[in-house]
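Data first, discussion second: the structure below is written as structure tokens.
In our numbering, the protein residues as written are 134 to 436.
Quick look at the structure:
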């Protein structure tokens, strides 16, 4: 019941955020949504929720998948209005102090008479902004130079938002599959060997992948990595102490589990692995999106 209440609180926050048309609210909504999905996976793995609650989660996950696209359209509209209002203010009102305040000696919009090339560039960017924002999805926004430098600066991060949306969609569908597997297990006594009713992977256009057998995962273990040299303590030269250094270390583990995964943004099946390379990205990085239900405790294996 406590876990269910925590999930409900996250839903309430998301319901509030989805009423906002700002881009930052959209990103926060997806972030909290992903935390909710992780929490749901832990609750599911614990085997504590009743079947009725799991069936309710199936419906909620379906609604969340629909909302992420509905909100995309309203956020695109909100961002376009915000950017146009900003350009309009800069063009006509920036620097104007009003009748009740001391006026400045030079209005920003007056600069068009002294620097017509720059003002023409701003006006051109305004027209380009109108053309570029005539879209219904972030994926349709430009991901490279368009000839409009102001637009590139304003929209630099928008194009990548589509990857977040697809990742969120994939996570919702994966968890729906895991809940279906859990419900089958409760009715038959065991998880299915295969699942033929999995949803489509938004990254590949193919069915999501399912496995019931040992799976390799990456875990971060907090462990001692070195012992500093012995140094005299501050209280006296005769007292010697040592300090151990600890940090999180990534280790590859194998676990008995049922697993459903997406191939991720690169479209390459990494067997369900999500693992960054040494420098955070590159050809050795693995970007599959997966959720699992562990059937036993993990055991560490060598890389």
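Backbone N, C-alpha and C fix where the C-beta goes; we use that ideal spot for every residue, glycine too.
Using a 10 angstroms sphere on the CB of residue 219, the tally of other CB atoms stays under 16, which defines it as exposed.
In the displayed model, residue 404 falls within coil according to three-state DSSP, outside both helix and strand.
Remark: C-beta atoms of residue 178 and residue 316 do not approach each other more closely than 8 Å. According to the DSSP assignment, residue 149 belongs to the alpha helix (DSSP H) that extends over 135-150.
Within 10 angstroms of the beta-carbon of residue 321 lie fewer than 16 other beta-carbons, which makes it exposed. The shortest CA-to-CA distance from residue 269 to any of 203, 199, 396, 345 is the one to 203. It is roughly 7 Å from the alpha-carbon of residue 136 to the alpha-carbon of residue 176. For residue 323, the closest of 293, 391, 329, 265 by C-alpha to C-alpha distance is 391. Listed as beta-bridge partners of residue 380 by DSSP are 356. The continuous beta strand (DSSP E) containing residue 423 extends over residues 422-427. Residue 355 has its alpha-carbon roughly 33 Å from the corresponding atom of residue 190. In this structure, residue 292 lies away from residue 207, with their beta-carbon atoms at least 8 Å apart. Rounded to the nearest whole angstrom, the C-alpha separation of residue 339 and residue 333 is 5 Å. Residue 303 sits buried, since 16 or more C-beta atoms from the chains shown fall within 10 Å of its C-beta.
The beta-carbon distance between residue 146 and residue 205, rounded to whole angstroms, is 19 Å. This is too long to meet the 8 Å contact definition.
When secondary structure is reduced to three states using DSSP, residue 349 falls in the strand class.
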